[in-house]
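Below is one structure, written out as structure tokens; comments come after it.
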Amino acid sequence: MGSLFVVGTPIGNLEDISIRAIKTLRSVDLILCEDTRRTKILLKRYRIKKPLLSYHEGNEERRTREVLRLLEEKDIALVSEAGMPGISDPGYRLVRACHEKGIKVIPIPGPSAITSALSVSGLPSNQFVYIGFLPRKKGERRKILKELQDERRTIVAFESPHRLKESLEGILEILGDREIAICREMTKMFEEIFRGKVSDAVKHFSEPRGEFTLIIEGRRE
Numbered sequence: 004m005g006s007l008f009v010v011g012t013p014i015g016n017l018e019d020i021s022i023r024a025i026k027t028l029r030s031v032d033l034i035l036c037e038d039t040r041r042t043k044i045l046l047k048r049y050r051i052k053k054p055l056l057s058y059h060e061g062n063e064e065r066r067t068r069e070v071l072r073l074l075e076e077k078d079i080a081l082v083s084e085a086g087m088p089g090i091s092d093p094g095y096r097l098v099r100a101c102h103e104k105g106i107k108v109i110p111i112p113g114p115s116a117i118t119s120a121l122s123v124s125g126l127p128s129n130q131f132v133y134i135g136f137l138p139r140k141k142g143e144r145r146k147i148l149k150e151l152q153d154e155r156r157t158i159v160a161f162e163s164p165h166r167l168k169e170s171l172e173g174i175l176e177i178l179g180d181r182e183i184a185i186c187r188e189m190t191k192m193f194e195e196i197f198r199g200k201v202s203d204a205v206k207h208f209s210e211p212r213g214e215f216t217l218i219i220e221g222r223r224e
């Protein structure tokens with residue numbers, strides 16, 4: 004019986020990969036990846052040559068059954084496009100299925116946009132609530148924000164560039180003009196860390212580009 008290795012990979016800068024992650028990727032029989040193009044760049048950088056198999060949201064259910072059969076004989080690594088698999092990325096379904104089948108699942112820790120953004124936000128990080136990507140639809144987004152009105156812990160969310168301005172306006176309307184830290188393109192060439200009030204962020208990100216992590220102040224006493 005093989006093992007499934009859940010491997011954290013860089014969220015931007017390829018030098019952020021751990022020595023243990025490199026050794027694991029070199030030792031397994033097969034690598035499951037959310038984006039084969041992105042993973043090939045990483046593997047080429049560290050001269051790793053292993054068979055790749057796509058594992059993404061579109062084929063997750065079908066691939067899980069196939070991977071379970073392969074795990075009867077092979078060690079397999081699971082990587083996402085960036086960061087830790089299963090955290091707003093595919094992986095949960097496979098990990099759960101492995102536990103049900105008695106297959107060993109081994110975490111290989113790596114970078115995380117959540118904790119990286121929290122560490123430089125200047126907002127309380129001893130307790131926080133992670134809500135993933137804010138919903139695409141305005142009504143669903145407003146509903147979640149209203150549910151968070153009385154949340155006193157720091158709130159962490161992801162957002163895409165084409166919805167950032169609308170989401171910030173919703174946060175301002177529903178949660179108020181709180182402190183916020185917005186980390187853009189973390190560890191990449193055009194990394195930016197903005198800190199201020201939500202109203203300031205609305206003005207600052209008039210033409211947003213890149214990937215965003217939002218760290219929002221919880222409700223004050």
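The letter at position 106 of the sequence shown is residue 109 when you use our numbering, and the numbering goes up by one with no holes.
By construction, the Cβ of each residue, glycine as well, lies at the ideal position given by its N, Cα and C atoms.
Nearest candidate by alpha-carbon position, reference residue i, set the options
i	options	result
Arg222	Met192, Thr157, Cys186 and Thr27	Thr157
Arg187	Arg212, Arg166 and Val98	Arg212
Leu71	Val98, Gly173, Leu148 and Pro88	Val98
Pro164	Ala116, Glu210 and Ile109	Glu210
Glu224	Met4, Val82, Arg155 and Thr67	Arg155
Tyr133	Leu151, Phe197 and Cys101	Leu151
Phe193	Lys206, Asp180 and Glu214	Glu214
Glu143	Phe131, Ser122, Glu169 and Lys206	Glu169
Ile218	Gly179, Leu167, Phe161 and Lys206	Phe161
Arg198	Asn129, Phe131, Cys36 and Ser122	Ser122
Arg181	Val205, Thr118, Gly86 and His102	Val205
Proximity below 8 Å, CB of residue i to CB of residue j
i	j	result
Ala120	Phe8	no
Lys77	Asp32	yes
Val159	Ile183	no
Ile34	Tyr49	no
Phe208	Leu171	yes
Glu84	Asp38	yes
Glu220	Leu126	yes
Pro93	Glu60	yes
Lys107	Ser21	no
Ile174	Leu148	yes
Ile177	Arg139	no
Arg29	Ile51	yes
Glu63	Arg40	no
Lys53	Leu45	no
Element boundaries [beta strand (DSSP E), containing residue i]
i	result
Gly135	Phe131 to Phe136
Lys107	Lys107 to Ile111
Leu7	Ser6 to Val10
DSSP bridge partner residues for residue i (one or two, in chain order)
i	result
Arg187	Glu195 and Phe215
Ile34	Leu55 and Ala80
Thr42	Thr42 is not bridged to any residue.
Gly86	Thr12
Ile20	BP columns for Ile20 are empty, so no partner.
Ile158	Val132 and Ile219
Glu210	Glu210 pairs with nothing; no bridge assigned.
Arg182	One detail in the question is off: residue 182 reads as Glu in this sequence, not Arg. Answer is Lys200.
Residue range of the unbroken alpha helix (DSSP H) whose run includes residue i
i	result
Glu69	Glu63 to Leu73
Ile117	Ala116 to Ser124
Ile174	Pro164 to Ile177
Ala204	Val201 to His207
Gly142	Lys141 to Glu150
Leu97	Tyr95 to Lys104
Whole-angstrom C-beta distance between residue j and residue i, which should lie under 8 Å
i	j	result
Thr216	Asn16	Contact doesn't hold; Cβ gap of about 15 Å is too wide.
Asp19	Pro114	5 Å
Ile90	Val10	In fact, because the Cβ distance is near 13 Å, the residues do not count as touching under 8 Å.
Leu56	Thr42	10 Å between Cβ atoms; not a contact.
Arg66	Tyr58	5 Å
Closer than 8 Å to chain B by CB, residue i
i	result
Cys186	Absent from the structure is chain B; it holds one protein chain and no more.
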